[in-house]
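Visitor: Numbering (the UniProt record's numbering), first residue to last: 1 to 332.
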Ligand SMILES: NC(=O)c1ccc[n+]([C@@H]2O[C@H](COP(=O)([O-])OP(=O)(O)OC[C@H]3O[C@@H](n4cnc5c(N)ncnc54)[C@H](OP(=O)(O)O)[C@@H]3O)[C@@H](O)[C@H]2O)c1
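#1: Measuring CB atoms only, is the stretch 212-221 touching the stretch 233-246, in the sense that at least three cross pairs come out at less than 8 Å?
#2: How big is the Cα-Cα spacing for residue 82 and residue 95?
#3: Relative to the C-alpha of residue 119, which candidate in 134, 322, 138 and 67 has its C-alpha closest?
#4: Between residue 313 and the rest of its own chain, which residues show a CB-CB distance below 8 Å, the 5 nearest in sequence each way excluded?
#5: Kindly indicate which residue of 286, 5, 269 and 271 has the alpha-carbon position closest to the one of residue 277.
#6: Residues in the same chain with beta-carbon distance under 7 Å from residue 98, minus the five sequence neighbours each way, listed in chain order, please.
#7: Hey, would you say residue 303 sits closer than 8 Å to residue 329, going by beta carbons?
#8: Let me know if residue 258 comes out buried or exposed under the rule of 16 or more other beta-carbons within 10 Å of its beta-carbon.
#9: Report, in whole angstroms, the separation of the C-beta atoms of residue 301 and residue 124, which I expect to be a contact under 8 Å.
#10: Would you call the stretch 199-206 in contact with the stretch 154-172, where contact means no fewer than 3 C-beta pairs closer than 8 Å?
#11: Any idea what DSSP makes of residue 232, helix, strand or coil?
#12: Determine the DSSP secondary structure at residue 49, reduced to helix, strand or coil.
#13: Quick check on the burial criterion: 16 or more other C-beta atoms within 10 angstroms. Buried or exposed for residue 151?
#14: With burial defined as no fewer than 16 other Cβ atoms inside 10 Å of the residue's Cβ, what is the status of residue 147: buried or exposed?
#15: Taking the alpha helix (DSSP H) that residue 266 falls in, what are its first and last residues?
#16: Compute every distance between the C-beta of residue 226 and the non-hydrogen atoms of ligand 1, then say whether any falls below 7 Å.
#17: I'd like to know if residue 221 contacts chain C, where contact means its C-beta is closer than 8 Å to some C-beta of that chain.
#18: Alpha carbon to alpha carbon, what distance is there between residue 205 and residue 105?
#19: Buried or exposed for residue 166, going by 16 or more other Cβ atoms inside 10 Å?
#20: Can you give me the start and stop residues for the beta strand (DSSP E) that residue 218 sits inside?
#21: Taking the alpha carbon of residue 336 as the point to measure from, which residue in 45, 115 and 40 has its own alpha carbon closest?
#22: Is there at least one non-hydrogen atom of ligand 1 closer than 7 Å to the beta-carbon of residue 275?
#23: Just to confirm before moving on: does the CB-CB distance between residue 44 and residue 332 stay below 8 Å?
#24: Measuring alpha carbon to alpha carbon, tell me which of 230, 223, 174 and 226 ends up nearest residue 210.
#25: To the nearest angstrom, report how far apart residue 193 and residue 184 are at their CA atoms.
#26: Take residue 25 and list the residues in its own chain whose beta-carbon comes closer than 7 Å to its own, dropping the five residues that flank it on each side.
#27: Which of the three DSSP states is assigned to residue 7 in this structure?
#28: In its own chain, which residues sit with a C-beta less than 6 Å from the C-beta of residue 177, not counting the 5 before and 5 after it?
#29: Helix, strand or coil for residue 36, going by three-state DSSP, please let me know.
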């Protein structure tokens with residue numbers, strides 16, 4: 001008999017979630033039925049969308065999230081023992097699944113052979129955030145050589161990846177993030193052309209200095225004032241991919257910010273929201289392309305790893321507060 005540990009939602013958080021909003025409980029798992037497999041979590045992901053969806057979850061349900069898990073028992077030939085899969089199983093150590101029931105921010109996939117690369121990349125650059133960057137940027141921003149691209153949330157999982165794809169595509173890239181250390185990483189390691197610290201600098205004034213020509217593409221991970229400022233400096237027919245709005249996820253009410261509609265009209269911007277699941281049918285294309293770019297040395301990654309399943313809440317809050325560079329991961 002396997003006992004799973006899992007975090008359930010005890011209270012809908014107000015503002016930044018508190019540890020008392022969750023409860024660690026044990027669940028005895030039944031023997032496997034035909035077609036089912038038993039998995040053991042190896043790495044868990046903490047992502048901003050978790051905050052956005054928390055308020056919609058029923059109390060006492062397992063907290064949502066994806067993980068890389070090892071198949072430790074199987075009654076399904078499609079998922080043999082010893083393989084690693086990425087599934088939307090939530091904040092739990094052990095899971096019984098028949099594959100078909102897995103839903104959420106990406107399809108249940110058996111991880112391809114990553115060679116020497118860490119399995120945790122299946123939650124980052126070779127998983128949902130990586131595909132968000134790949135499809136979201138290329139399909140919505142439609143970047144052209146020589147264009148100027150601004151990325152907010154630039155030092156995070158999606159943003160750091162988008163900026164590097166923009167460099168691969170021959171663009172000038174400006175990243176906006178919250179610490180100078182992150183800025184150094186973006187410009188010195190990842191090849192971003194410029195960095196703006198939104199906490200210590202005036203984003204509008206700095207942007208005028210580094211992009212006097214105006215912005216062709218804006219990949220938005222944060223929303224709010226930063227995004228209004230960037231959109232007011234866009235070129236005619238600019239493209240905006242609205243990927244995330246983390247600046248508002250802890251807020252109860254719809255945030256009140258200056259209307260973005262003037263630049264949308266007068267610069268005739270194309271603004272499009274995205275959900276990475278739009279490209280579920282092309283999922284492996286994104287993973288294979290990102291894997292190839294890593295092997296070619298064109299795409300770098302960084303992970304901020306927290307040790308211990310019991311620390312997943314701290315890892316989540318740390319990520320929401322900007323403690324991560326690159327992908328925030330929990331190692332079980
Ligand atoms: N549409 C989709 O399908 C999809 C898929 C994946 C992710 N997303 C969205 O994309 C965004 C980035 O996700 P991620 O997984 O790559 O997370 P991430 O960027 O790795 O981590 C979140 C980062 O957000 C920044 N942040 C926190 N509060 C902020 C605020 N008030 N203003 C500006 N920045 C703030 C912090 O960095 P700083 O130090 O820079 O503040 C933090 O490190 C999120 O909004 C997420 O919801 C959307």
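Quick reminder that beta carbons are idealized off the backbone N, C-alpha and C, glycines included.
Guide: According to the structure shown:
#1: Here the stretch 212-221 lies against the stretch 233-246, with 3 or more beta-carbon pairs under 8 Å apart.
#2: One C-alpha to the other measures close to 15 Å.
#3: Among 134, 322, 138 and 67, the Cα nearest to that of residue 119 is on 67.
#4: Once the five neighbours on either side are set aside, the close Cβ partners of residue 313 are 7, 17, 19 and 22.
#5: Just measuring C-alpha positions, the residue of 286, 5, 269 and 271 sitting nearest residue 277 is 286.
#6: Cβ contact annotation for residue 98 (same chain, cutoff 7 Å, sequence separation greater than five): 35, 36 and 76, in chain order.
#7: In this structure, residue 303 sits near residue 329, with a CB-CB distance shorter than 8 Å.
#8: With fewer than 16 neighbouring CB atoms inside 10 Å of its own CB, residue 258 falls in the exposed class.
#9: Contact holds; Cβ gap of about 6 Å.
#10: Taking 8 Å as the limit for Cβ pairs, the verdict is that the stretch 154-172 does not touch the stretch 199-206.
#11: Coil at residue 232, not helix or strand.
#12: In the structure shown, residue 49 adopts helical secondary structure according to DSSP, grouped into three states.
#13: Buried is the call here.
#14: Counting Cβ neighbours within 10 Å, residue 147 comes out buried, since at least 16 surround it.
#15: Unbroken alpha helix (DSSP H) run through residue 266: 261-266.
#16: Checking the Cβ of residue 226 against ligand 1 gives yes.
#17: Of the protein chains in the structure, only one exists, and it is not chain C.
#18: Low confidence applies here, because residue 105 scores a pLDDT of 48, under 50, leaving its location unreliable; read the following figure in that light. Straight-line measurement puts the Cα of residue 205 at about 37 Å from the Cα of residue 105.
#19: Of the residues assessed, residue 166 falls on the buried side of the cut-off, its CB having 16 or more other CB atoms within 10 angstroms.
#20: For residue 218, the enclosing beta strand (DSSP E) starts and ends at 215-220.
#21: Beyond the ends of the chain as shown, which are 1 and 332, falls residue 336; an answer cannot be given.
#22: Between ligand 1 and the CB of residue 275, the shortest heavy atom gap is smaller than 7 Å.
#23: A contact, by the Cβ cut-off of 8 Å.
#24: A check of alpha carbon separations from residue 210 across 230, 223, 174 and 226 identifies 174 as the nearest.
#25: Distance between the alpha carbons of residue 193 and residue 184: 11 Å.
#26: If the five residues before and after residue 25 are omitted, its C-beta is found closer than 7 Å to the C-beta atoms of 6 and 8, all from its own chain and listed in chain order.
#27: Three-state DSSP puts residue 7 in a strand.
#28: The beta carbon of residue 177 is closer than 6 Å to those of 154 and 155 in its chain, skipping five residues each way along the sequence.
#29: For residue 36, the secondary structure class from DSSP, reduced to helix, strand or coil, is coil.
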